[in-house]
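Notes for the one structure printed next.
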Amino acid sequence: MAERHKQTFRLEVVTPQRLIISEEVEELVAPGQEGHFGVWPGHIPFMATLKIGELSYKKGQQERFLAVNCGYAEVRSDKAIILVETAERPEEIDIARAEQAKVRAEERLRSLSDDTIDHTRARAALDRALARIAVAARVRA
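full-length UniProt numbering puts the sequence shown at residues 1 to 141.
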């Protein structure tokens, strides 16, 4: 008899404040430092650093999204653990506030030279705002 392969894996998304998700999913796409990567059940184990961006996962016929802020991913064949500074579900995002943060970050970027720490911080703030807006827009569309 052929071996039956598990169709899901455990996804855990954890921030310093709380456990965001702990559930069985079919697929994960995360924003790695070297680009987005996908994870499926039985995936080869690896670790990766994560950048600010949009994380998505599929559970049943639904695709769900989180805005995440820098961290690490540990992937095993039966589990993916995502440790990030922050993670927000679409319904937790105040889109007006995110839009204001985007405008402020863009203004700061225009006024700073590229080689300053303030420029790096403003770029990160802009990336966070854009990720939050993108995730919030997916549900409101």
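Glycine included, C-beta positions come from ideal geometry on N, C-alpha and C.
Own chain, CB closer than 7 Å to A30, minus 5 neighbours either side, in chain order
For A30, where only same-chain residues beyond five positions count, the Cβ hits under 7 Å are H36, F37, L50, L55, A73, I82.
Identify, in the order they occur along the chain, each residue of the same chain with its Cβ nearer than 7 Å to the Cβ of L130, setting aside the five sequence neighbours on each side.
Taken in chain order, the residues that qualify are K102.
How many Å lie between K59 and L112 at the Cα?
Note on geometry: alpha-carbon atoms of K59 and L112 lie some 43 Å from one another.
Among the candidates E63, E24, G32, whose CA atom is the shortest distance from the CA of C70?
Considering only alpha carbons, the answer is G32.
Which same chain residues, not among the five before or five after L6, have their C-beta less than 6 Å away from its C-beta?
Looking at the sequence provided, one finds Lys at residue 6 rather than Leu. Closer than 6 Å at the Cβ level, and outside the excluded window around K6, lie P41.
Using 9 Å as the threshold, is the C-beta distance between V75 and A98 below it?
V75 is not a Cβ neighbour of A98, given a cutoff of 9 Å.
Where the alpha helix (DSSP H) containing S22 begins and where it ends
For S22, no alpha helix (DSSP H) run applies; the uninterrupted beta strand (DSSP E) run containing it begins and ends at 19 to 25, by DSSP.
Give me the Cα-Cα distance between D115 and A96, rounded to the nearest whole angstrom.
For D115 and A96, the distance between alpha carbons rounds to 30 Å.
Mark I93 as exposed unless 16 or more other C-beta atoms lie within 10 angstroms of its C-beta, in which case mark it buried.
By the neighbour-count criterion, in which a residue is buried when 16 or more other Cβ atoms sit within 10 angstroms of its Cβ, I93 is buried.
Just the Cα atoms here: how many angstroms apart are R138 and E88?
When rounded, the distance between both Cα atoms is 13 Å.
When you compare only the Cα positions, how much space is there between I52 and E85?
So the alpha carbons of these two residues sit roughly 10 Å apart.
Would you say the beta carbon of R123 is closer than 8 Å to some non-hydrogen atom of the ligand NAP?
This structure does not include the ligand NAP; it has no bound ligands of any sort.
Would T8 and E34 qualify as a contact pair, given that the criterion is a beta-carbon distance under 9 Å?
Their beta carbons are not under 9 Å apart, which means T8 does not touch E34 by this criterion.
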